[in-house]
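Notes follow the structure.
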Amino acid sequence: MKQVEWKKKALRQLRKIKNKDDQRAIYTAVSALATFPDCDNVKKIKTTDRYRLRVGRWRVIFTEFLEIITIEEVRKRNERTYR
8 MKQVEWKKKA
18 LRQLRKIKNK
28 DDQRAIYTAV
38 SALATFPDCD
48 NVKKIKTTDR
58 YRLRVGRWRV
68 IFTEFLEIIT
78 IEEVRKRNER
88 TYR
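With this note's numbering applied, the sequence shown has no gaps in its numbers, which climb one by one up to 90 at the end.
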């Protein structure tokens, strides 16, 4: 199993989400990343070393290095999400 770490920026973005059900869904989906790469709704972002996890209309951007998964951002899906 891999270790999941959150960056401060990602935690701030998660806390700013007003819908508590969305917050719980994101946190639960991120916890399941410990079994990466055997996860659903995960894709590699083109031209980067980052991945995205889809949770409803939210996207969790993360990186993987050895046995550590670092959650970098939690963003609502729009045309600027992956820039």
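All C-beta atoms, glycine included, are put in the ideal place defined by N, C-alpha and C. Note that the structure is a prediction, hence the values are computed from the model and not measured.
Grab me the residues of residue i's own chain with a C-beta within less than 8 Å of its C-beta, minus the 5 sequence neighbours each way, in chain order.
i   : result
K9  : L40, A41, T42, F43, E71, E74, I75 and I76
C46 : A39, L40 and L60
R57 : K51, I68, F69, T70 and E79
Whole angstroms is fine: what's the gap from residue i's alpha carbon to residue j's?
i   : j   : result
R64 : E12 : 22 Å
V49 : V37 : 11 Å
K25 : R31 : 11 Å
Do you know whose CA, among the options, lies nearest residue i's CA?
i   : options          : result
E86 : E79, R66 and V62 : R66
V62 : K83, D56 and K14 : K83
Ordered along the chain, which non-local residues of its own chain (more than five positions away) have a Cβ less than 7 Å from that of residue i?
i   : result
V81 : A17, Q20, L21, I33, W65 and V67
Does DSSP put residue i in a helix, in a strand, or in coil?
i   : result
L60 : strand
T42 : helix
Enumerate in chain order the residues of its own chain whose CB-to-CB distance from residue i is below 6 Å, with the five nearest sequence positions on each side excluded.
i   : result
D29 : none
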